[in-house]
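J.: Order-wise, the sequence lines are chains Y and G. Reading the first sequence from the start, the letters are residues 2 to 294 in my numbering. Reading the second sequence from the start, the letters are residues 413 to 984 in my numbering. Sharing a structure below in structure tokens format, with a few things to ask.
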Amino acid sequence: MSARWPADSCARTETNDAAELLGVARDRIGLKPALSAPKIEALLRAMPADDRRAFCRDVVASDPETRAWRTFTEALLVHETYFFRHPEQLRHLADVLLPRLLQDRLDTGSREIRIWCAGCASGEEAYTLALILRTAIAKSALPETQAWNATILGTDLSAPMLELAREGSYALVAGLNSFRDVPDFARHHFTSIFTAAATTWSASAELRRWTRFARHNLVTDPPALREVDLVVCRNTLIYFDEAQLRSALASLEAALRPSGALLLGPAETASEGASLSMVCTEQAVFWTKRAAQ
Amino acid sequence: MKFIENLNLRGKILVPTIALIVVALLVMGSLARALSSTSSKYQELMFGPRLAAKVSLGYAGQLSELGRVINLALLQGEGADLAKLANDLDELKAERKKSREELERLLPERGDVRQLKETGTKINETVDVLLVKLRPAPAKAQGEAARFWTEAGRPVLAKQRAALNDLSEELGEISNKATQDLVERTKTTISLVVGVGLGLIVLISLFALRTINASIVAPITALTEKTVRLSRGDDKFELPEVERTDEYGALARALEIFKGNADKIRAMSVAEAVTKEIGDVIKAAAAKDFTAEVDLDDKEGFLKEIGAAVNNLVRICKGSFKDFSQKATQTAISVDEAGTAVGQISDGARQQTAQLTQVSTALGESAKAIKIVTSNAASAREKAEAAARAVEQGQHAVSQLEPIVEAISQNSRKINQITQVIAQIANRTHILSLNAAIEAARAGEHGKGFVVVAQEVGKLAESSAQNAKQITDIVEQASSDAQQGKVATGTVSQSMKSIAQGTQDTTERVRSIAVAMDEQQATITQIEGSVGHLKTIALSNSSSAEEITATMVQLSKLSNETRQRLAAFKTE
Numbered sequence: 002m003s004a005r006w007p008a009d010s011c012a013r014t015e016t017n018d019a020a021e022l023l024g025v026a027r028d029r030i031g032l033k034p035a036l037s038a039p040k041i042e043a044l045l046r047a048m049p050a051d052d053r054r055a056f057c058r059d060v061v062a063s064d065p066e067t068r069a070w071r072t073f074t075e076a077l078l079v080h081e082t083y084f085f086r087h088p089e090q091l092r093h094l095a096d097v098l099l100p101r102l103l104q105d106r107l108d109t110g111s112r113e114i115r116i117w118c119a120g121c122a123s124g125e126e127a128y129t130l131a132l133i134l135r136t137a138i139a140k141s142a143l144p145e146t147q148a149w150n151a152t153i154l155g156t157d158l159s160a161p162m163l164e165l166a167r168e169g170s171y172a173l174v175a176g177l178n179s180f181r182d183v184p185d186f187a188r189h190h191f192t193s194i195f196t197a198a199a200t201t202w203s204a205s206a207e208l209r210r211w212t213r214f215a216r217h218n219l220v221t222d223p224p225a226l227r228e229v230d231l232v233v234c235r236n237t238l239i240y241f242d243e244a245q246l247r248s249a250l251a252s253l254e255a256a257l258r259p260s261g262a263l264l265l266g267p268a269e270t271a272s273e274g275a276s277l278s279m280v281c282t283e284q285a286v287f288w289t290k291r292a293a294q
Numbered sequence: 413m414k415f416i417e418n419l420n421l422r423g424k425i426l427v428p429t430i431a432l433i434v435v436a437l438l439v440m441g442s443l444a445r446a447l448s449s450t451s452s453k454y455q456e457l458m459f460g461p462r463l464a465a466k467v468s469l470g471y472a473g474q475l476s477e478l479g480r481v482i483n484l485a486l487l488q489g490e491g492a493d494l495a496k497l498a499n500d501l502d503e504l505k506a507e508r509k510k511s512r513e514e515l516e517r518l519l520p521e522r523g524d525v526r527q528l529k530e531t532g533t534k535i536n537e538t539v540d541v542l543l544v545k546l547r548p549a550p551a552k553a554q555g556e557a558a559r560f561w562t563e564a565g566r567p568v569l570a571k572q573r574a575a576l577n578d579l580s581e582e583l584g585e586i587s588n589k590a591t592q593d594l595v596e597r598t599k600t601t602i603s604l605v606v607g608v609g610l611g612l613i614v615l616i617s618l619f620a621l622r623t624i625n626a627s628i629v630a631p632i633t634a635l636t637e638k639t640v641r642l643s644r645g646d647d648k649f650e651l652p653e654v655e656r657t658d659e660y661g662a663l664a665r666a667l668e669i670f671k672g673n674a675d676k677i678r679a680m681s682v683a684e685a686v687t688k689e690i691g692d693v694i695k696a697a698a699a700k701d702f703t704a705e706v707d708l709d710d711k712e713g714f715l716k717e718i719g720a721a722v723n724n725l726v727r728i729c730k731g732s733f734k735d736f737s738q739k740a741t742q743t744a745i746s747v748d749e750a751g752t753a754v755g756q757i758s759d760g761a762r763q764q765t766a767q768l769t770q771v772s773t774a775l776g777e778s779a780k781a782i783k784i785v786t787s788n789a790a791s792a793r794e795k796a797e798a799a800a801r802a803v804e805q806g807q808h809a810v811s812q813l814e815p816i817v818e819a820i821s822q823n824s825r826k827i828n829q830i831t832q833v834i835a836q837i838a839n840r841t842h843i844l845s846l847n848a849a850i851e852a853a854r855a856g857e858h859g860k861g862f863v864v865v866a867q868e869v870g871k872l873a874e875s876s877a878q879n880a881k882q883i884t885d886i887v888e889q890a891s892s893d894a895q896q897g898k899v900a901t902g903t904v905s906q907s908m909k910s911i912a913q914g915t916q917d918t919t920e921r922v923r924s925i926a927v928a929m930d931e932q933q934a935t936i937t938q939i940e941g942s943v944g945h946l947k948t949i950a951l952s953n954s955s956s957a958e959e960i961t962a963t964m965v966q967l968s969k970l971s972n973e974t975r976q977r978l979a980a981f982k983t984e
């Protein structure tokens, strides 16, 4: 009997570890268990049995500086992003929504515009927003970009991705690269890539001046920015489980200033309520924060 | 009565009411006038004969007082205060004058009143005479004065007093009679006025009641009855009231319109029921139930059209919702399936990435191994070449070895001879050592050291002999070895020749392996590059597939929600 003890306890420990990590993935990152389960199993399987216990302990501690946490999050997170993703929605943003938000700011006598790009991964979306903002400012009542105090804050959970974002250089690699689906109306931003022989595109100094990147956890941290004019969080909440989705949405909503806009991914939805009202156009669906009563 | 009939309701009530009020006012006015005239007549009476009677009585009183005062003065005789008497008499005179004047004013036309003055003057004169008679010498004059008074004054006074009393009495009677007449007349007047007034009031009240009954109550009763009949849907009655000019005429004309509308009302009540039916269908639709429809068979007109339109709307909604529902279900199923497929692809992509990583690692390992093999092959080639050289040298050495072996063989024989000589020398030395030992023993104490030497020499000889024997053995062995060596050298020489041949082949082969390895390494490096690309692609595919999986899961959730919401609509 005693000879079978270690094998049994080992098996149990492995299941326990997986369940424990699954709980951390849901409670501290927000991920749906169904999506993270196979990844966690693969992660544990690829690990020497002796290291698992220590790894789990480190992950449960949730210290973002530990190697275990980084390994864990990198194994789970999907850093899918590219320039001008979902162009229809961005077109509406560029033509209608952003001009309106800029005019709102001018009407209140302010020249500050804040955009929060939540779940920015390697930063393409933040720079896309910067490009769109630059165009929108040029068409606004105050067309000098220097006159505006613009902030585009990209946040993500992944430290390596934030490093890439801060570098702001994107290579034209094989496969599904950052330039895979740039729409016609935005191709002029990437002339070097599409017409010249360049293999790398780097964000200009102006775009870099506007953009900042910071690590932020949508589930456990308070809003990364306040009084925000536009919150863009696309294809991040699709990974979230119900309860965490709700708290993340509440956090995004809390960041908005009254009449500010929230842009989600095409498959994501926020429920209309006391503070959010849905605007549905042919091109895009977005939510605006109702003005305080 | 036609006049009353044509009045409006207010008129109908006001006319009798006002008539009543007017009559009442007239009656009250007549009564007031009668009472007022009685009152003024009574007042005349009070200030006429009755006052005169009173004044006349007073006048008589004053005369009595005069008589009393004078009588008192006469009785007092000497003690009488003449001044006071004169004074009292003056006062009484003034009072009498006042009374007389009052009587003259009240009863100016009476002769007896006119005579009062005359008599009065006579009384005054008599009194004056009396006073004159009293003044000089009262005691003396007293009797005379008394006599004078009794003769001249007292009868006049009495007569006057009696006349006044009579007057007063007469006047009292007159006034009493007048008062009685007045009361009688007033009574008659009041009875008359009250009788006539009450009669009029009763008449007018009767008239008012009749008017109200005939012109207000009766028509409204009739109209009410007709209205009630109409409300029951019975419009079989005449309405002569429409000719009237009052409110009942208006009411009757309105009722006539209602009567005319009775058909419409019947139609309306039907319409209401139909509308309710249609409303129920709409209500059911609003409550997500599209199974109810309006029954068109018993409907007609625009309500039928509306019913048909509602049915059409409900059918379109039902059809659409059925369609939505079916498509949402299909979408949900498809999305689920696609989600599963994409999930599998995602898993595959992840495995692909993992395996590519392994391949990449393996390739790295291979490259490393090939590098090692290449360098090993190079060193092998060097070693083979060195070996070939060594074999060559060996061959050469072997060929040189043969005469040496021969020489060794010969030398062995010579050494054998030498060792035999050495063995003989050892033998002899042994004998010599024995002898030396014997001689040393003979030499006694002095030979003791020599004995040791002799023993050592003996031992040396012995070992020399053994050595010699060993050398012989060795040399014999060497000789036989050399013999074998000769044979072996031949074999070795032969082998060396074939080794030299083999080494040459090996060197050739190692050289070609090195070349192949170089090529291999180049290929592996190339493959490594390709696998690196593949890894990047697989990684981006994997993340893309995972994102699509998550999106699919999300879409599946959304389409399931849509399906559930649509399922709430009842279409069958």
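Where is the CB? At the ideal position from N, CA and C, for every residue including glycine. As the structure is a computational prediction, the values presented were derived from the model and not from experiment.
1) At the level of alpha carbons, what is the spacing between V286 of chain Y and A750 of chain G?
2) Please classify G609 of chain G as buried or exposed, where buried requires at least 16 neighbouring CB atoms within 10 angstroms.
3) Is Y240 of chain Y close to chain G? Criterion is C-beta to C-beta, closer than 8 Å.
4) Residues of the stretch 938-958 of chain G with a CB closer than 7 Å to any CB of chain Y: list them in chain order, please.
5) Per DSSP, D701 of chain G forms a beta bridge with which residues?
6) Tell me the rounded alpha-carbon separation between A853 of chain G and A835 of chain G.
7) Under 8 Å between the Cβ atoms of T915 of chain G and A790 of chain G?
8) Counting only C-beta atoms, is A38 of chain Y closer than 8 Å to chain G at any point?
9) Give the list of continuous alpha helix (DSSP H) stretches no shorter than 4 residues that lie fully inside the stretch 656-719 of chain G.
10) Mapping the DSSP letters down to three states, classify T196 of chain Y as helix, strand or coil.
11) Which residues, in chain order, does the stretch 752-775 of chain G contribute to contact with chain Y at a C-beta distance below 8 Å?
12) Check T129 of chain Y in the structure and name its three-state DSSP category.
13) Excluding five sequence neighbours on each side, which residues of the same chain lie with their C-beta closer than 6 Å to the C-beta of S170 of chain Y?
14) What residues from chain Y crowd round L978 of chain G, counting only those whose CB sits closer than 9 Å?
15) Would you say A472 of chain G and L519 of chain G are within 8 Å of each other, going by their C-beta atoms?
16) Among the candidates G:N420, G:A979, G:I416 and G:N418, whose CA atom is the shortest distance from the CA of K700 of chain G?
17) In terms of residue numbering, what span does the beta strand (DSSP E) encompassing T152 of chain Y cover?
18) I need the DSSP call for G944 of chain G, collapsed to helix, strand or coil.
19) So what does DSSP say about G261 of chain Y, is it helix, strand or coil?
20) How many Å lie between Q767 of chain G and W149 of chain Y at the Cα?
21) What's the gap between the Cα of T623 of chain G and the Cα of G423 of chain G?
22) Rounded to whole angstroms, what is the Cα-Cα separation between D28 of chain Y and T221 of chain Y?
23) Could you tell me how far apart the beta carbons of I782 of chain G and Q913 of chain G are, in whole angstroms, since I believe they sit closer than 8 Å?
24) In the DSSP assignment, find the alpha helix (DSSP H) that holds F287 of chain Y and state where it starts and stops.
25) Starting from the N-terminal side, write out each stretch of the alpha helix (DSSP H) that is 4 residues or longer and does not extend beyond the stretch 612-664 of chain G.
26) Using a Cβ cut-off of 9 Å, which residues of the stretch 164-192 of chain Y contact any Cβ in chain G, in chain order?
27) What residues match up with I114 of chain Y in a beta bridge as DSSP calls it?
28) Output, in chain order, the set of chain G residues within a Cβ distance shorter than 9 Å of H80 of chain Y.
29) Give the interface partners of A962 of chain G over in chain Y, defined as CB-CB distance under 8 Å, in chain order.
30) With 8 Å set as the bound, which would you pick, yes or no: does the beta-carbon of T270 of chain Y sit closer than that to a beta-carbon of chain G?
31) Does any residue of chain Y have a CB that is nearer than 8 Å to the CB of Q742 of chain G?
32) Mind checking D18 of chain Y: buried by the 16 CB within 10 Å criterion, or exposed?
33) Where does the unbroken beta strand (DSSP E) through S278 of chain Y begin, and where does it stop?
34) Does the stretch 870-889 of chain G come into contact with the stretch 824-843 of chain G, if we say contact requires no fewer than three beta-carbon pairs (one atom in each stretch) closer than 8 Å?
35) Using a Cβ-Cβ cutoff of less than 7 Å, which residues in the same chain neighbour V817 of chain G once the five nearest sequence positions on both sides are dropped?
36) Assuming V233 of chain Y is part of the beta strand (DSSP E), what are its boundary residues?
T.: Taking the coordinates as given:
1) Mapped onto the first sequence, residue 286 of chain Y falls at position 285. Mapped onto the second sequence, residue 750 of chain G falls at position 338. Put simply, the backbone Cα of V286 of chain Y is about 24 Å away from that of A750 of chain G.
2) Residue numbering aside, residue 609 of chain G sits at position 197 when the second sequence is read from its first letter. Buried.
3) Taking the first residue of the first sequence as position 1, residue 240 of chain Y is located at position 239. So yes, Y240 of chain Y belongs to the interface.
4) H945, T948, I949, S952, N953, S955, S956 and E958
5) For the purposes of this step, residue 701 of chain G is taken as the residue at position 289 of the second sequence. Note: D701 of chain G sits in a beta bridge opposite G:K982.
6) Position 441 of the second sequence, counting from 1, holds the residue named residue 853 of chain G. Position 423 of the second sequence, counting from 1, holds the residue named residue 835 of chain G. Each residue's alpha carbon lies about 27 Å from the other.
7) Your numbering for residue 915 of chain G matches position 503 in the second sequence. Your numbering for residue 790 of chain G matches position 378 in the second sequence. No. Outside cutoff.
8) On the first sequence, position 37 is the one that residue 38 of chain Y refers to. Judged by the 8 Å Cβ criterion, A38 of chain Y is not in contact with chain G.
9) 659-698
10) Within the first sequence, the letter at position 195 stands for residue 196 of chain Y. In this structure, T196 of chain Y counts as coil in the three-state DSSP scheme.
11) D759, R762 and A766
12) Locating residue 129 of chain Y in the first sequence gives position 128, where the first residue counts as 1. In this structure, T129 of chain Y counts as helix in the three-state DSSP scheme.
13) By one-based count along the first sequence, residue 170 of chain Y stands at place 169. These residues qualify, in order along the chain: T201 and S203.
14) Here residue 978 of chain G refers to the residue found at position 566 of the second sequence. At a beta-carbon threshold of 9 Å, none of the residues of chain Y lie near L978 of chain G; the nearest stands roughly 17 Å away.
15) For the purposes of this step, residue 472 of chain G is identified with residue 60 of the second sequence, where counting begins at 1. For the purposes of this step, residue 519 of chain G is identified with residue 107 of the second sequence, where counting begins at 1. Contact flag unset, no.
16) By one-based count along the second sequence, residue 700 of chain G stands at place 288. Among G:N420, G:A979, G:I416 and G:N418, the Cα nearest to that of K700 of chain G belongs to G:A979.
17) The residue labelled residue 152 of chain Y in the question sits at position 151 within the first sequence. N150 to D157 is the span of the beta strand (DSSP E), which, as asked, contains T152 of chain Y.
18) In the second sequence, residue 944 of chain G corresponds to position 532, counting from 1. Looking at G944 of chain G - three-state DSSP - the assignment turns out to be helix.
19) By 1-based counting over the first sequence, the position of residue 261 of chain Y is 260. Strand, per DSSP.
20) Translated into positions along the second sequence, residue 767 of chain G becomes position 355. Translated into positions along the first sequence, residue 149 of chain Y becomes position 148. Rounded to whole angstroms, Q767 of chain G to W149 of chain Y spans 50 Å at the Cα level.
21) What you label residue 623 of chain G is simply residue 211 of the second sequence in a count that begins at 1. What you label residue 423 of chain G is simply residue 11 of the second sequence in a count that begins at 1. When rounded, the distance between both Cα atoms is 11 Å.
22) Mapped onto the first sequence, residue 28 of chain Y falls at position 27. Mapped onto the first sequence, residue 221 of chain Y falls at position 220. For D28 of chain Y and T221 of chain Y, the distance between alpha carbons rounds to 9 Å.
23) Mapped onto the second sequence, residue 782 of chain G falls at position 370. Mapped onto the second sequence, residue 913 of chain G falls at position 501. Their Cβ separation, rounded to whole angstroms, is 30 Å, which puts I782 of chain G and Q913 of chain G out of contact at 8 Å.
24) Within the first sequence, numbered from 1, the residue matching residue 287 of chain Y stands at position 286. Premise fails: F287 of chain Y lies in the beta strand (DSSP E), V286 to K290, not in any alpha helix (DSSP H).
25) 630-643
26) V174, A175, G176, L177, N178 and R181
27) Taking the first sequence and counting its residues from 1, one reaches residue 114 of chain Y at position 113. When beta bridges are read from the DSSP output, I114 of chain Y appears opposite Y:A151.
28) What you label residue 80 of chain Y is simply residue 79 of the first sequence in a count that begins at 1. Going along chain G in sequence order, the residues near H80 of chain Y (Cβ under 9 Å) are S955.
29) Along the second sequence, read from residue 1 onward, the residue named residue 962 of chain G stands at position 550. Under the 8 Å cutoff, chain Y gives K33, L36, V79, N236, I239 and Y240.
30) Start at 1 with the first residue of the first sequence, and residue 270 of chain Y comes out as number 269. Chain G contact via Cβ: present.
31) Walking along the second sequence from the start, residue 742 of chain G turns up at place 330. It does not: the Cβ of Q742 of chain G has no partner Cβ on chain Y nearer than 8 Å.
32) Indexing the first sequence from 1 puts residue 18 of chain Y at position 17. With 16 or more other Cβ atoms within 10 Å, it is buried.
33) Here residue 278 of chain Y refers to the residue found at position 277 when the first sequence is read from its first residue. It spans L277 to C281 - the beta strand (DSSP E) in which S278 of chain Y sits, taken as one unbroken run.
34) yes
35) As a working mapping, residue 817 of chain G is identified with position 405 in the second sequence. Around V817 of chain G: A894, G897, K898 and T901.
36) In the first sequence, counting from the first residue as 1, residue 233 of chain Y sits at position 232. Its beta strand (DSSP E) spans residues V229 to C234.
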